[in-house]
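Worksheet for the structure shown next.
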Amino acid sequence: MQFLFSTAITVASGRARAWIRKLQVQARRPWDFLFRGLTYLLVLVVLCTVVGIAWVMLSNSLPTIQTFGWSFLTNEAFDPVHNTFGVRPALFGTLETALFALIVALPLGVGTAIFLVDFCPRALRAPLGFIVDLLAAIPSIVLGLWGAVVMVPWLQNTGQPWLQKYLGFLPFFQGEIHGYSILAGGLLLIVMILPILTAISREVMLVVPKAQREGLLALGATRWEVIRYAVLPFARAGIAGGAILALGRALGETIAVTLVIGNQAASPSLHLFDTGYTLSSVIANQFGEATPGLFQSAVLEAGLILLIITLIVNIFARLLISRLGRERVGGLVV
Amino acid sequence: MKTAAHLFQPDRGALHLRRQIANYLAVGLTTLFAGAAIFFLGYLIVYVARLGIQYLNIDFFTQPPGAEGEAGGGVLPAIEGSLIIVGLAAAIGVPLGIFTGIYLSEFGRGRIASVVRFLVDILTGIPSIIFGLFAWVLIVVPQHHFSGFAGSVALSIIMIPTVARATEEVLRLVPKEMREGSVALGATESRTILRVVIPAAKSGIITGILLAVARVAGETAPLLMTALGTNFSRISLSRPMDALPLRVFNFTLDPFAADHDKAYAGAFVLMMLVLVTSFAVRWATGGFKQR
Chain F
1 MQFLFSTAIT VASGRARAWI RKLQVQARRP WDFLFRGLTY LLVLVVLCTV
51 VGIAWVMLSN SLPTIQTFGW SFLTNEAFDP VHNTFGVRPA LFGTLETALF
101 ALIVALPLGV GTAIFLVDFC PRALRAPLGF IVDLLAAIPS IVLGLWGAVV
151 MVPWLQNTGQ PWLQKYLGFL PFFQGEIHGY SILAGGLLLI VMILPILTAI
201 SREVMLVVPK AQREGLLALG ATRWEVIRYA VLPFARAGIA GGAILALGRA
251 LGETIAVTLV IGNQAASPSL HLFDTGYTLS SVIANQFGEA TPGLFQSAVL
301 EAGLILLIIT LIVNIFARLL ISRLGRERVG GLVV
Chain P
1001 MKTAAHLFQP DRGALHLRRQ IANYLAVGLT TLFAGAAIFF LGYLIVYVAR
1051 LGIQYLNIDF FTQPPGAEGE AGGGVLPAIE GSLIIVGLAA AIGVPLGIFT
1101 GIYLSEFGRG RIASVVRFLV DILTGIPSII FGLFAWVLIV VPQHHFSGFA
1151 GSVALSIIMI PTVARATEEV LRLVPKEMRE GSVALGATES RTILRVVIPA
1201 AKSGIITGIL LAVARVAGET APLLMTALGT NFSRISLSRP MDALPLRVFN
1251 FTLDPFAADH DKAYAGAFVL MMLVLVTSFA VRWATGGFKQ R
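Note that the protein sequences, when read in sequence, are chains F and P.
Quick note: the first sequence uses our numbering, first residue 1, plus one each step.
Quick note: the second sequence uses our numbering, first residue 1001, plus one each step.
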């Protein structure tokens, strides 16, 4: 017992001595000490900000969480007059626009990436890739302006009547034609997520070992078969990760969608012609009138739900991408 | 690979033809997709530029907005506001980002570092309106008025992950030998980082900062609920301020054609800002060369 005790003291004093020694060394180099201290402090500020965002959103939406509970998710009306709040149409609109955009953009993005990696003349590869990246840099307000002033009237007069005439048997293309619609929001989202899908697909296709392509070519495969059997299976996890990251971006996009989606809740349906709401457009439309109390809390809970959805989507995407054993995807910080 | 080897045997009549057709189809479709993406970008730039340039004149940059729905007037308050809000956001966000990057590259080991890296990555994926909501409930609601400062806070958080990851990445590219050489000459840790590692990585860090600034300069959603927008030239961070994206947003919401024209002019300025930055960065980093 005494032996254990003395050992513990020796170990502890040894630790303490090492620690003091370390401090002495650091005191001899005050600038190192200060620099490290400053770095740790600022990193701590960043960490506190991230945690703080989650905390602020959660604590400020407590009133509606306590009042409505889960029914906040299923309640149709976001109605400050009667003090009853729910985000069912917005939640549905968010998922519907984002999924629609992803389903259309995924083949487009992967196809563009295949072209840029395999079929495109070598000299054009870098410039064309850069041009697609540029699409990602266009501010969403510019797309929103074009969408509201050019695309929506076009949809109303030409696009939607045409779709209804020829594809109207599908449930997606039925209903009243307004121009402002879930379809319009989804179309803008396609443009916004296409570059990130292309960039990530391209990066993961570029790291496919050369031997794998050449082996298949030597077997007499066509260039498409090389992609089909050697490249795509290898790149699948990365493309899936990129698709989910893109989904996360589409779920949270605010300004462009708010300008074209109509901001009127229709009851959830598959009709892409209906006007709609998304969680972010609810926030953008309602915060201005939000009086303290339940109304304000409801706006924040809409934000909280959006935050939780995008967090889950992003974490899932990162897990998929990190399965490739790479923290970053190529030269791209995503 | 038995089936595959069998499949790829050349000259098997109908099978061969089918494979050729599939190949041409794939080439054609992917070319079409890529062409569509590039065509749309070109169309958008030309469209916005064609309408926007008509309304770009001296007044546009030096006058406050005129009456709603009438031609004339400018966006001076928006330009002032954007410069101030983005400037302050950079003053807050850039140091935080750079030091986080330094931590991740130079000091960060083990579990804590991977937690920091994970949270920084997560920060990239959070929609920008959440940061606006955060600044709104933290600053605007208690103060009972909108302010440019709240906008700067929201934008600064958006800048952190971009700057941090860019910094980390370029610091890691600095060869170990340079650090060792510096330490062997008797330099302390902080001196090595500040005088050897960072200067070597300077252009990469500046690239990251430029991209982050260009990105937040075009952000609208977080400013909507913080800076709010105003028609007046008021250089006071504690009051509502205008910003270029907000101005374009408000012009877009107006039902008048004259305001839409002004919106195109503003959008053109914003778009050029981002495109020129991207081009400059790509040119400076030699990205036009082939890999």
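Cβ atoms here follow ideal geometry from the backbone N, Cα and C, with glycine treated the same way.
From a predicted model like this one, the values you see are computed outputs, not experimental measurements.
Where does the unbroken alpha helix (DSSP H) through residue i begin, and where does it stop?
| i | result |
| --- | --- |
| Y40 of chain F | 30 to 60 |
| D1121 of chain P | 1110 to 1125 |
| H1260 of chain P | 1257 to 1284 |
| L1244 of chain P | 1244 to 1253 |
| P161 of chain F | 160 to 167 |
| I1158 of chain P | 1148 to 1173 |
| A1201 of chain P | From DSSP, A1201 of chain P is part of no alpha helix (DSSP H); its letter is neither H nor E. |
| P209 of chain F | Unbroken run through P209 of chain F: none, as it is neither H nor E. |
| P233 of chain F | 232 to 252 |
| R223 of chain F | 223 to 226 |
| G175 of chain F | Here G175 of chain F belongs to no alpha helix (DSSP H), and DSSP marks it neither H nor E. |
| V142 of chain F | 140 to 146 |
| T74 of chain F | 71 to 74 |
Using the beta-carbon count (16 or more within 10 Å), is residue i buried or exposed?
| i | result |
| --- | --- |
| L1173 of chain P | exposed |
| V207 of chain F | exposed |
| Y1103 of chain P | buried |
| E203 of chain F | buried |
| S1105 of chain P | buried |
| K1002 of chain P | Low confidence applies here, because K1002 of chain P scores a pLDDT of 46, under 50, leaving its location unreliable and the question unanswered by this model. |
| R15 of chain F | exposed |
| V288 of chain F | Here the sequence assigns Gly to residue 288 of chain F, which means Val is not the residue at that position. By the 10 Å Cβ count, G288 of chain F comes out exposed. |
Cα separation between residue i and residue j?
| i | j | result |
| --- | --- | --- |
| I321 of chain F | G238 of chain F | 5 Å |
| P268 of chain F | W154 of chain F | 25 Å |
| P1095 of chain P | G1087 of chain P | 13 Å |
| G220 of chain F | V226 of chain F | 9 Å |
| V25 of chain F | L1275 of chain P | 50 Å |
| T275 of chain F | T254 of chain F | 16 Å |
| E327 of chain F | S1114 of chain P | Because the pLDDT at E327 of chain F is just 41, under 50, the model does not fix this residue reliably, and the value given afterwards should be weighed accordingly. When rounded, the distance between both Cα atoms is 11 Å. |
| R1282 of chain P | M1159 of chain P | 19 Å |
| L319 of chain F | L245 of chain F | 11 Å |
| I263 of chain F | L294 of chain F | Going by the sequence as given, residue 263 of chain F is Asn instead of Ile. So the two alpha carbons sit approximately 21 Å from each other. |
| I1206 of chain P | K165 of chain F | 53 Å |
| V313 of chain F | G1125 of chain P | 9 Å |
| L189 of chain F | L1056 of chain P | 29 Å |
| V104 of chain F | T64 of chain F | 36 Å |
| G1097 of chain P | A1091 of chain P | 11 Å |
| F1251 of chain P | L304 of chain F | 30 Å |
| I177 of chain F | G159 of chain F | 10 Å |
| H1144 of chain P | P1240 of chain P | 11 Å |
| S1249 of chain P | V191 of chain F | One point to set straight first is that residue 1249 of chain P is Phe, not Ser, in the sequence displayed. Cα to Cα, the separation comes out at about 19 Å. |
| R1191 of chain P | G1132 of chain P | 38 Å |
| T67 of chain F | P80 of chain F | 14 Å |
| V231 of chain F | A113 of chain F | 12 Å |
| L1138 of chain P | A137 of chain F | 29 Å |
| G1052 of chain P | F1268 of chain P | 6 Å |
| G1081 of chain P | F1134 of chain P | 21 Å |
| T1100 of chain P | A1164 of chain P | 6 Å |
| P195 of chain F | D133 of chain F | 6 Å |
| L1292 of chain P | G52 of chain F | In the structure displayed, chain P extends from 1001 to 1291; residue 1292 of chain P sits before or after that span and is not available. |
With distances taken Cα to Cα, identify the nearest neighbour of residue i among the options.
| i | options | result |
| --- | --- | --- |
| L1223 of chain P | P:F1268, P:V1163, P:L1044, P:I1130 | P:I1130 |
| F316 of chain F | P:F1039, P:F1118, P:T1030, P:I1058 | P:F1118 |
| T278 of chain F | F:L44, F:T49, F:A290, F:V257 | F:V257 |
| L270 of chain F | F:G168, F:I283, F:A230, F:L216 | F:G168 |
| V152 of chain F | F:I141, F:D133, F:A184, F:L170 | F:A184 |
| I1079 of chain P | P:S1233, P:L1029, P:A1257, P:A1258 | P:S1233 |
| V260 of chain F | F:V50, F:V142, F:L34, F:L47 | F:V142 |
| A1036 of chain P | F:L247, F:K210, F:L128 | F:L128 |
Under a three-way DSSP split, which group does residue i fall into?
| i | result |
| --- | --- |
| L194 of chain F | helix |
| T1220 of chain P | coil |
| P292 of chain F | coil |
| T258 of chain F | helix |
| G1074 of chain P | coil |
| G303 of chain F | helix |
| D118 of chain F | helix |
| T84 of chain F | strand |
| P1065 of chain P | strand |
| D1059 of chain P | helix |
| G276 of chain F | strand |
| M1241 of chain P | strand |
| G187 of chain F | The residue you asked about is not Gly; residue 187 of chain F is Leu in the sequence shown. Reduced to three states, the DSSP call for L187 of chain F is helix. |
| L270 of chain F | coil |
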